[in-house]
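Some notes on the structure that comes next.
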Amino acid sequence: VSTQSTGIYFIQSNLSSMYRSCVLFLLTASLVSSYFTTVEPKKEICFFDEARSGTKLSLTFEVAEGGFLDIDVRILGPEGKVVYKGDRESSGKYAFSAYMDGAYQYCFSNAMSKMTKKIVMFNMDVGDPPRADADIDKDHDKLAEQLEQLSNSLVSMKHDQEYMEVRDRT
């Protein structure tokens, strides 16, 4: 095992490329971090993620600072269809599968506030698109699925830890 200055460990062994890829993916999953944005009074700010149909998407957010710690949230599909809408939420997690190819929009609105800006911490996660290859060995497919679930759980725990840190500060 050798290390780099970033603290990422690279495993050098006779593992198959699939296992090596999975291990590296799990190691880098812990490096995922949250974004912070400031939403001024009477304003809305939106972010975009491209996804293929069937891809799992998720948004996790928490209002870290400002007013009553509430924000309006909307998730829109590629053609403008509302996937999710929440009013005056302090925090939340929302996961869904993309129903068509295109750009999905995540919007935070502070339109209800006349004077107070809001600071929002959030994560937008895009899973891997579904595979079309039906000839994959079933055992290999099951192992890959379990590794993906484990990786998603680790990322979710990392996000939860970051949110707890923000709550401790406020």
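First residue of the sequence shown? That's 3 in my numbering, and the numbers climb one at a time after it.
All C-beta atoms in this analysis are idealised placements derived from N, C-alpha and C, irrespective of residue type, glycine included.
The three-state secondary structure of S99, taken from DSSP, is strand. Taking C-beta atoms under 8 Å as the contact rule, M114 and D74 qualify, at a distance of about 7 Å. Excluding residues up to 5 positions away in sequence, S36 lie with their Cβ nearer than 6 Å to the Cβ of E164 in the same chain. Per DSSP, the unbroken beta strand (DSSP E) holding N125 starts and ends at K120 to V128.
For the set S55, F110 and K144, the Cα lying nearest the Cα of K45 is the one of F110. In this structure the stretch 98–106 does not lie against the stretch 150–158, because fewer than three pairs of beta carbons, one per stretch, are closer than 8 Å. The alpha-carbon separation between S99 and G69 amounts to approximately 33 Å. Linking D130 to A97 through their CA atoms gives a straight-line distance of about 14 Å.
Cβ contact annotation for S92 (same chain, cutoff 6 Å, sequence separation greater than five): V65, L71 and D72, in chain order. DSSP places A53 in the strand class (E or B) of the three-state scheme. Beta-bridge pairing by DSSP links D143 to no other residue. The beta carbon of D89 sits closer than 6 Å to the beta carbons of D74 from its chain, once the five residues preceding and following it are set aside; these are given in chain order. If the five residues before and after E42 are omitted, its C-beta is found closer than 7 Å to the C-beta atoms of N112 and K119, all from its own chain and listed in chain order.
A distance below 8 Å separates the beta carbons of D127 and L59. DSSP lists E52 as the beta-bridge partner residues of A105. Here D74 is bridged, per DSSP, to S111.
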